[in-house]
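What follows is a single structure, written as structure tokens, with notes after it.
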Amino acid sequence: MIGIRRHEMWTLFGGAAALVVLSLLPLLTDGFYLSLGVNLVLYAALSTAWSLFSGPTRFISLAGAAFFGIGTYSVALWLNNLPFAALIVIAAVCSAALAALVGAATLRLSGVYFVIFTLGLSELIRQIVSWSQSRFAHKMGLYVFTDFTEAHLYWMLLALSGVVFGVGWLINRSRLGFALRIIGDDETVARHVGIATARAKILLFMISGAFTGVAGAVVAPRYAYIEPQAAFNPMLSFTVVIMALLGGTRRLWGPLMGVIPFTIVTEFITARFPNQNSVVVGIAFLAIVYLLPDGVTGRIEALRERIRISVRTRVDAPGERAA
Amino acid sequence: MSAAILSVVRTRKAFGGLVAVNDISFDVAEGELIGLIGPNGSGKTTMLNLISGTLRPTSGEIRLAGSQISGLAPERIAKEGIARTFQLVRVLSSMTAIENVIAGAAFVRDPAWGAPAHTLASALLDRVGLAGRENVPASTMTYMDQKRVELARALAANPRLLLLDEWLAGLNPSELLIGIDLIREISREGRTIIMVEHVMDAIRKLCSRCVVMSSGIKIADGATLSVLADPEVIRAYLGDDDA
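Chains A and B, in that order, are what the protein sequence lines are.
The first sequence begins at 1486 in the working numbering and counts up by one.
The second sequence begins at 13 in the working numbering and counts up by one.
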């Protein structure tokens, strides 16, 4: 588990090659397809970051909008004073700090309370930001004017997705990742083999939250005008969860299998039926829970297992006949 | 007898009005294998839960090698060197046998990880009779084999004190003999063990000393054969008429 094995070398090589190929997209197109590409890499980063924490622990977090909004506001507030790179660091630190607070307060509770708390938290922060803006700044939003083009945003988000995947891969091979799998299986056993379960969960929630915050910071220039309703939009939290569950959270690449079809279908629906968007998202959510409880990857693995078994019985069959 | 590795001092656990463990005191010497017995509902498992930190005592003190462990979280107590198995077997169902055992070794005071952990876990699976079964998913194993995995996981921590909560329960007669031999061998290696057990045959064969509980109170503590002949112990198990 310490050294890099051969198949892991191929995974790393394949991942790097995929990043290089994907980074060529802005050279080929700069219209609708680039915009779709930005959405794809944005949601790839968000959903994968979400399932870093929620996959192994099975705690459903709806705090995505809170972290995303904090990242967006980190850029909007200090864009004229600090370099963009510093703003990204601020976004990561602030989101991680919020995650640590939320985690310390709620991760000892059972799953249901955690879900409600995280949803309520996002709304609370949105209301606080709205209130303080109208109270102290006497305006509803902030302007974010940068020289970044859509292509720049695409490259930054692609790099972020790459980092999220890299960190996720490292966590999976680390003792922290192993600890979280044990916690997901049986928290009582986890504690009795010496795992400080609360600390492990908080640490991973911080990592996940920091990535979500950075995604919000990077994508902020796309909005040009930032207001709380958009930056802390609860739909974002739900969309990220639906995509991750559609893909399946048991593998690192699982959420990606949900992000790709969902983003493309959503783009299509938004273009055709702009007013029925939330209805469609709701129906999609129900359909996923009923039809694909383990997500696309769970279905793929079940199929693979069935093929393996049928191949094996076919091989065994002649022997049985001989006997 | 060498110095006590575990001292339970006037430990009490009350759930509201119900006193499950009532001011119990006993010592366990290094290398000892003691039986903690008593009728159903006498507080044996509660006692194990107090030692392993699943529950905090209402009052009293538990010390491991002189330092207080009562009141610590279970993960801290595990790091101090107490490992346990569970009354209802708890394997990590999404993992293979060897991963289950590595889980026992990876988070204790002197953790093993990577290749050394694999070697250790593989040797322990061999030790409990599961050689060559390293990559079998734990959830597909038989009850007996899951118990073996759980025992190997507890041993992987290299604990100063091993707690077995009805580890022999639910085994068929031939499995029981194998189980008894296994516990005896582990004890002979110098491991200190407390076993909660209902299988009296095993208690007689394995434990030189027994602590008997009834309704939360310690009613006897001494050499197994004399304790089992004690009229009060017989009364606790069988009722007044048979004493």
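No residue lacks a Cβ here, since even glycine has one placed at the ideal position from N, Cα and C.
Closer than 7 Å by C-beta to residue 1486(A): which residues in its own chain qualify, once you throw out the five before and the five after it? Chain order, please. Caution is warranted here: a pLDDT of 45 is assigned to residue 1486(A), below 50, making its placement in the model unreliable, and the coordinate value is therefore given only provisionally. 1658, listed in sequence order.
Using the beta-carbon of each residue, which ones in chain B are nearer than 8 Å to residue 1552(A)? From the beta-carbon of residue 1552(A), no residue of chain B is found nearer than 8 Å; the closest lies around 28 Å away.
Is the Cβ of residue 1490(A) closer than 8 Å to any Cβ of chain B? By this cut-off, residue 1490(A) is not an interface position.
Coil, strand or helix - residue 1579(A) by DSSP: The three-state secondary structure of residue 1579(A), taken from DSSP, is helix.
Is residue 102(B) closer than 8 Å to residue 1673(A) when the C-beta atoms are compared? Contact flag set, yes.
Contiguous beta strand (DSSP E) assignments of at least 3 residues, all confined to the segment 176-253 of chain B: Counting only runs of 3 or more, we get 205-208, 221-226, 229-235.
Let me see if you follow: with CB-CB separation under 8 Å, is residue 1637(A) close to chain B or not? No - not a single Cβ of chain B is within 8 Å of the one on residue 1637(A).
Does the Cβ-Cβ distance between residue 54(B) and residue 228(B) come in under 8 Å? The Cβ atoms of residue 54(B) and residue 228(B) sit closer than 8 Å to each other.
So which residues on chain A does residue 116(B) lean against when the C-beta distance must stay under 8 Å? In chain order: 1678.
For residue 34(B), does the three-state DSSP call read helix, strand or coil? Three-state DSSP puts residue 34(B) in a strand.
Which residues, taken in chain order from the segment 1645-1674 of chain A, show a beta carbon closer than 8 Å to some beta carbon of chain B? The residues in question are 1660, 1663, 1664, 1666, 1667, 1669, 1670, 1671, 1673, 1674.
Note down the Cα distance separating residue 1603(A) from residue 235(B), rounded to an integer number of angstroms. One C-alpha to the other measures close to 57 Å.
Could you list which residues in chain B have their beta carbon closer than 7 Å to that of residue 1681(A), in chain order? What residue 1681(A) touches in chain B: 87.
Strictly under 8 Å for the Cβ-Cβ distance: is residue 107(B) near chain A by that measure? Taking Cβ atoms only, chain A reaches closer than 8 Å to residue 107(B), which makes this a yes.
Among the candidates 139(B), 88(B), 44(B), whose CA atom is the shortest distance from the CA of residue 157(B)? The candidate whose alpha carbon is nearest that of residue 157(B) is 139(B).
CA-CA distance, residue 160(B) and residue 137(B)? Approximately 8 Å between the Cα atoms of the pair.
Check whether the Cβ of residue 172(B) lies closer than 8 Å to any Cβ atom in chain A. Cβ-Cβ to chain A under 8 Å: no for residue 172(B).
So residue 1624(A) is in the alpha helix (DSSP H); what residue range does that whole segment cover? Where residue 1624(A) is concerned, there is no enclosing alpha helix (DSSP H), given that its DSSP letter is neither H nor E.
When we look at the beta-carbon of residue 1616(A) and count the other beta-carbons within 10 Å, is it buried (16 or more) or exposed? The residue is exposed, with fewer than 16 neighbouring Cβ atoms inside 10 Å.
Test: residue 120(B) CB closer than 8 Å to a CB of chain A: Judged by the 8 Å Cβ criterion, residue 120(B) is in contact with chain A.
Nearest-angstrom Cα separation, counted from residue 1704(A) out to residue 1670(A): Distance between the alpha carbons of residue 1670(A) and residue 1704(A) is about 36 Å.
Which residue's Cα is closest to the Cα of residue 99(B): 249(B), 168(B), 210(B)? Comparing Cα positions, the closest option is 210(B).
Look at residue 1639(A) and residue 1521(A) and say whether their C-beta atoms are less than 8 Å apart. Not in contact: residue 1639(A) and residue 1521(A) (Cβ atoms no closer than 8 Å).
Any idea which residues DSSP pairs residue 140(B) with across the strands? Residue 140(B) is not bridged to any residue.
Taking contact to mean 3 or more Cβ pairs, one atom from each stretch, closer than 8 Å, check whether the segment 1623-1641 of chain A and the segment 1718-1726 of chain A are in contact. Below 8 Å, too few C-beta pairs join the segment 1623-1641 of chain A and the segment 1718-1726 of chain A to call them touching: fewer than three.
Any C-beta of chain A under 8 Å from that of residue 179(B): Output row for residue 179(B): interface = no.
With C-beta atoms as the reference, is residue 1645(A) less than 8 Å away from residue 1699(A)? Yes.
Could you tell me which chain A residues have their CB closer than 9 Å to the CB of residue 84(B), listed as they occur along the chain? Near residue 84(B) there are no residues of chain A at all, since even the closest Cβ is about 11 Å away, more than 9 Å.
With 8 Å as the limit, tell me which residues of the segment 185-202 of chain B have their beta carbon closer than that to any beta carbon of chain A; keep them in chain order. If you check each beta-carbon in the segment 185-202 of chain B against every beta-carbon of chain A, none falls closer than 8 Å.
Length at least 4, wholly inside the segment 1690-1777 of chain A: the alpha helix (DSSP H) runs in chain order: For the segment 1690-1777 of chain A, whole alpha helix (DSSP H) runs of length 4 or above, ordered along the chain, are 1713-1716, 1719-1732, 1739-1757, 1762-1776.
I'd like to know whether the C-beta of residue 25(B) is nearer than 8 Å to at least one C-beta of chain A. False, the Cβ-Cβ gap to chain A never drops below 8 Å.
Three-way DSSP call (helix, strand, coil) for residue 1541(A) in this model: DSSP, read as helix, strand or coil, puts residue 1541(A) in helix.
Are the C-beta of residue 96(B) and some C-beta of chain A separated by less than 8 Å? It does: the Cβ of residue 96(B) has a partner Cβ on chain A nearer than 8 Å.
Quick one: measure Cβ to Cβ for residue 1547(A) and residue 1726(A), integer angstroms, because I've assumed they're closer than 8 Å. With 8 Å as the limit, residue 1547(A) and residue 1726(A) qualify as a contact, their Cβ atoms being about 7 Å apart.
With three or more beta-carbon pairs closer than 8 Å as the criterion, would you say the segment 196-215 of chain B touches the segment 165-181 of chain B? With a cut-off of 8 Å, the segment 165-181 of chain B and the segment 196-215 of chain B count as touching, because enough Cβ pairs lie within range.
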